[in-house]
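2 protein chains.
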Amino acid sequence: MDQDLIKKIPHKTIQRLSQYRRALLLCFEQGKTHIFSHEIANLQHITAVQVRRDLMLIGYSGNLRKGYNIKDLIELIGKIIDSPNGQKVAIFGMGNFGRAISKYFSGRRSKLTIVAGFDVSPDKVGKEIVGIPCYHMDKAREIILQEGIKIGIITVPGDQAVETAKAMVEAGMKGILNYSPTPVEVPENVFLEEYDMVTSLEKVAFYVKEH
Amino acid sequence: MDQDLIKKIPHKTIQRLSQYRRALLLCFEQGKTHIFSHEIANLQHITAVQVRRDLMLIGYSGNLRKGYNIKDLIELIGKIIDSPNGQKVAIFGMGNFGRAISKYFSGRRSKLTIVAGFDVSPDKVGKEIVGIPCYHMDKAREIILQEGIKIGIITVPGDQAVETAKAMVEAGMKGILNYSPTPVEVPENVFLEEYDMVTSLEKVAFYVKEH
DNA sequence: TTTGCCCTGTTAATTAAATAACAAATTATG
DNA sequence: CATAATTTGTTATTTAATTAACAGGGCAAA
Ligand SMILES: NC(=O)c1ccc[n+]([C@@H]2O[C@H](COP(=O)([O-])OP(=O)(O)OC[C@H]3O[C@@H](n4cnc5c(N)ncnc54)[C@H](O)[C@@H]3O)[C@@H](O)[C@H]2O)c1
Ligand SMILES: NC(=O)c1ccc[n+]([C@@H]2O[C@H](COP(=O)([O-])OP(=O)(O)OC[C@H]3O[C@@H](n4cnc5c(N)ncnc54)[C@H](O)[C@@H]3O)[C@@H](O)[C@H]2O)c1
Chain X
1 MDQDLIKKIP
11 HKTIQRLSQY
21 RRALLLCFEQ
31 GKTHIFSHEI
41 ANLQHITAVQ
51 VRRDLMLIGY
61 SGNLRKGYNI
71 KDLIELIGKI
81 IDSPNGQKVA
91 IFGMGNFGRA
101 ISKYFSGRRS
111 KLTIVAGFDV
121 SPDKVGKEIV
131 GIPCYHMDKA
141 REIILQEGIK
151 IGIITVPGDQ
161 AVETAKAMVE
171 AGMKGILNYS
181 PTPVEVPENV
191 FLEEYDMVTS
201 LEKVAFYVKE
211 H
Chain Z
1 MDQDLIKKIP
11 HKTIQRLSQY
21 RRALLLCFEQ
31 GKTHIFSHEI
41 ANLQHITAVQ
51 VRRDLMLIGY
61 SGNLRKGYNI
71 KDLIELIGKI
81 IDSPNGQKVA
91 IFGMGNFGRA
101 ISKYFSGRRS
111 KLTIVAGFDV
121 SPDKVGKEIV
131 GIPCYHMDKA
141 REIILQEGIK
151 IGIITVPGDQ
161 AVETAKAMVE
171 AGMKGILNYS
181 PTPVEVPENV
191 FLEEYDMVTS
201 LEKVAFYVKE
211 H
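As given, the protein sequences belong to chains X and Z, one line each in that order.
Per this note's numbering, the first sequence starts with residue 1, numbered consecutively.
Per this note's numbering, the second sequence starts with residue 1, numbered consecutively.
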């Protein structure tokens, strides 16, 4: 798959591909071999057209009569969104949330593996959580470079997020997922995704509220 | 603020209002009284135009020379996104994630209060977590109606999400925030927001990957 | 007073995303 | 063989969201 094509895939499509794959994996486990666009659509909150459009963008062709070959499609999506040898992930802030995430990811086999946690609290540094070692932030640069970690998740308190992100960038991180409520700055060549739970909940509350 | 106007506010603007408010609260605590649109923009990842446009939509006018009055703006955003008497929230699935969320929200003073958790495991039912009682799912309908809870967060395992959402809707919930990886169906009059951490992380990984 | 600067508020233009529309392909069936 | 029923792949249209453009106001300094 060539560079230009990949740049043309919308962000939203990338997200949906990830979701399609999960749904497809379930179907595959159930022994299904083929699936129609409208079936995929029904598993998500989207339309069949959207599915076909997304698959068009990645250049996958289905069988006109049987639909899409589930196994092939799972593989193709893997080729697009995964790295062949997997990618390592580190978590910054091994508090309640950081530990919940660690546990959550440790089970699933995937191309993404959490290999290290970083914290400053003596409670956490030196411990292991579900097999993931927790190091002091002072060691971050060293270990990130040594392990070749390129992706990091921020779960430090909001007032520590900016400096944590800075340290991550300096250590060579190329992708950051920030779960703290404080937006952080990164250079252009670093991909940043931020999600704030309070904002989501307030949004739900807004639409529930009787105006 | 009238009904029609509220319907015209884009979803994204509602989210940003929530974020503006958080940033403004910090500024307010620091003793700042006024702020310019470009200052607000710098605190988020957006442009000053976007800020002004959002504030235009909610009908707030700033001072041409001094910018926006922080206190007034916080209040106005509150009038729009909060309910005057607050809203109650319940968590479904008091596992690692559900408990982390409970702890997270228990500290902050806000118009949103988590008042109940629901689970099926004898480990959790009957216990309290940071003061939030955990009930058995069988009691959900009763307690939800009794307490007037309208908002629920799904943190049960993926394969339980669909039936949990169904139970929530039947109990009269009007807003659902689904953190399980499985999309759920709700009637039109129920607001649904879904967020999947794995998808987010895979997206970051995709843009980090060397194509 | 007048000039210049830096704001806001709003309309216009652009871009991104989703949806609709439909031709072409394939199979089943009369 | 012709026809009807489906479903894909793709282009065209619509809608949503963002960004650009700019008029108008008010203060400061000349
Ligand atoms: N708990 C949740 O459910 C939840 C949900 C959404 C967002 N968050 C956000 O995630 C973050 C963490 O939340 P939490 O509930 O786990 O809090 P927590 O206090 O339990 O954990 C924070 C951890 O970060 C560590 N830390 C502090 N400063 C650090 C630094 N400079 N470098 C490295 N580590 C540092 C602390 O020692 C602690 O272990 C917060 O920003 C919070 O807003 C939490
Ligand atoms: N842990 C995380 O960091 C994390 C992050 C993102 C998403 N999630 C999602 O959140 C959900 C929970 O994750 P977790 O790590 O807390 O898992 P967990 O197993 O620790 O917790 C799940 C809880 O749900 C309860 N439960 C099971 N079936 C139920 C039912 N029918 N009704 C009510 N309660 C029921 C279980 O007893 C358990 O307490 C999963 O869907 C997971 O994908 C978790």
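Even for Gly, the Cβ is constructed at its ideal location relative to N, Cα and C.
Item                                                                                                  : Value
Beta-ladder partner(s) of X:T113, from DSSP                                                           : X:K88
Through-space distance from X:V198 to Z:F105, alpha-carbon basis                                      : 9 Å
Neighbour-count burial assignment, X:N178, 16 or more Cβ in a 10 Å radius                             : buried
Chain X contact for Z:E196 (CB, 8 Å cutoff)                                                           : The residue asked about is misnamed: residue 196 of chain Z is Asp in this sequence, not Glu. Closer than 8 Å: yes.
Z:F36 Cβ short of 7 Å to ligand 3 heavy atom set                                                      : With respect to ligand 3, the structure shown offers nothing to examine, as its ligands consist of ligand 1 and ligand 2.
Three-way DSSP call (helix, strand, coil) for X:H38 in this model                                     : helix
Residues of the segment 10-31 of chain X with Cβ closer than 8 Å to any Cβ of chain Z, in chain order : H11, I14, Q15, S18, Q19 and R22
Check: X:T155 C-beta below 7 Å from any heavy atom of ligand 2                                        : no
CB contact check: X:E202 to chain Z, cutoff 8 Å                                                       : yes
Proximity test, X:A205 beta-carbon vs ligand 2 heavy atom, cut-off 7 Å                                : no
Min CB distance Z:H212 to chain X below 8 Å                                                           : Outside the displayed span of chain Z (1 to 211) sits residue 212 of chain Z, for which this structure offers no information.
Proximal residues of chain Z, C-beta to C-beta of X:T199 below 7 Å                                    : Q15, S18 and Q19
Boundaries (first-last residue) of the beta strand (DSSP E) holding Z:E147                            : Segment A140 to E147 is the alpha helix (DSSP H) holding Z:E147; no beta strand (DSSP E) there.
Z:V120: CB within 7 Å of a non-hydrogen atom of ligand 2                                              : yes
CB of X:G152 within 8 Å of CB of X:I176, strictly                                                     : yes
Residue-chain proximity (X:F206, chain Z), Cβ-Cβ < 8 Å                                                : yes
Short CB-CB distance (under 8 Å) between Z:E128 and chain X                                           : no
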